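With my numbering applied, the sequence shown corresponds to residues 102 to 329, in that order.
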Amino acid sequence: MRISTGTDGLDALLDGGLPQHRLYVVSGPPGSGKTTFSAQFLTEGVQNGEKCLYLTMHETEAELVNDMSSFSFGFERAVGSKHFRFMNVLSTDVQQVLSQYGSEPGLTGRVAALIEAWNIDRAVIDSTMLLQHFLEDPEDQLTEFITALKETDATILLISEMTDPSSYSEEHYLAHGVVFFHNFLEETGMTRAVQIIKMRGTPIDCDMRSVSFSERGLTVHHDEKLNR
Ligand SMILES: Nc1ncnc2c1ncn2[C@@H]1O[C@H](COP(=O)(O)OP(=O)(O)OP(=O)(O)O)[C@@H](O)[C@H]1O
Ligand SMILES: [Mg+2]
102 MRISTGTDGL DALLDGGLPQ HRLYVVSGPP GSGKTTFSAQ FLTEGVQNGE KCLYLTMHET
162 EAELVNDMSS FSFGFERAVG SKHFRFMNVL STDVQQVLSQ YGSEPGLTGR VAALIEAWNI
222 DRAVIDSTML LQHFLEDPED QLTEFITALK ETDATILLIS EMTDPSSYSE EHYLAHGVVF
282 FHNFLEETGM TRAVQIIKMR GTPIDCDMRS VSFSERGLTV HHDEKLNR
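This is the structure in structure tokens:
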């Protein structure tokens, strides 16, 4: 079954939405829309009565709500729902909660165990930078972490900043799908785009489509291909 991404215009590029219970990597440069897209994804889930988890190390719940407050897609209401859990892994309270799940030391198996125990339907992990911070051996443990997440029943977005935009990393190969957000600074101003790099089981064309921000949030213009 496919589920809506919550972003207008994107489901049309994905043959109706994202195949459920899978893990997707969302990549792109700073400010390209990764967090906004993720907030829309979880808001859509809450609105459908699904259990949602936002796991981050970048900001507090109040900061995230504030960052999304200029959009009207209903993030603040979603965050306030009993179906929504926000966790900042830098918080000692959250570390305490996580330590009750899974068995290994560290974060690797614990997040996946928590997702299973709480019957989470949609999860966002913002971002892989979080792992470099928490894992003793990030390269080996990233594979373990992603493998454990793929075995859960949740549909997961793993945000991955790309340190080198021309090189793919392990998470791009391990994921069921990869979505790229772009922002190019051009003479005429900022051009924004989205590109589906891969989506197992779904016919895609990999072409870039125009993206815009408005008070409603991020919108994909699926009929506007960018030729670059
Ligand atoms: N109406 C708007 N409301 C809020 N942000 C907007 C709006 N229009 C454009 N933006 C811009 O959209 C961007 C939102 O980016 P977002 O936080 O989703 O990106 P990101 O890819 O997660 O970035 P980072 O890598 O820094 O976490 C911001 O840079 C913001 O300035
Ligand atoms: Mg972000």
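Note that CB positions come from ideal geometry on N, CA and C, so glycine has one too. It should be emphasised that the depicted structure is a prediction, and the values quoted were computed from it without experimental measurement.
- Inter-residue distance for D168 and E205 is about 34 Å (C-alpha atoms, whole angstroms).
- Straight-line measurement puts the Cα of V225 at about 6 Å from the Cα of L259.
- Of the candidates F174, P130, R103, A163, the residue whose Cα lies closest to the Cα of T320 is F174.
- Under the DSSP definition of a beta bridge, G278 partners with Y125, M300.
- DSSP, read as helix, strand or coil, puts A140 in helix.
- If you draw a 10 Å sphere on the C-beta of Q141, you find 16 or more other C-beta atoms in it, and that means buried.
- A check of alpha carbon separations from E217 across A255, S133, P130 identifies A255 as the nearest.
- Nearest in C-alpha terms to H323, of all of I221, R317, V312, is V312.
- Counting other Cβ atoms within 10 Å of its Cβ, P120 reaches 16 or more and is therefore classed as buried.
- Across the set A213, M158, F172, G210, the C-alpha of M158 shows the shortest separation from the C-alpha of F187.
- Membership of H184 in any alpha helix (DSSP H) is not indicated, and neither H nor E is assigned to it by DSSP.
- The alpha carbon of E252 has as its nearest neighbour, out of V280, I298, D109, V212, the alpha carbon of V212.
- Looking at the backbone, the Cα of V279 and that of S261 are separated by about 10 Å.
- Beta-bridge analysis with DSSP links D109 to T320.
- G134 is classed as buried because its beta carbon has at least 16 other beta carbons within 10 Å across all chains shown.
- Straight-line measurement puts the Cα of H277 at about 10 Å from the Cα of T303.
- Remark: the C-beta of F314 is in contact range of ligand 1, defined as less than 7 Å to any heavy atom.
- Distances between the C-beta of T136 and the heavy atoms of ligand 2 include at least one below 7 Å.
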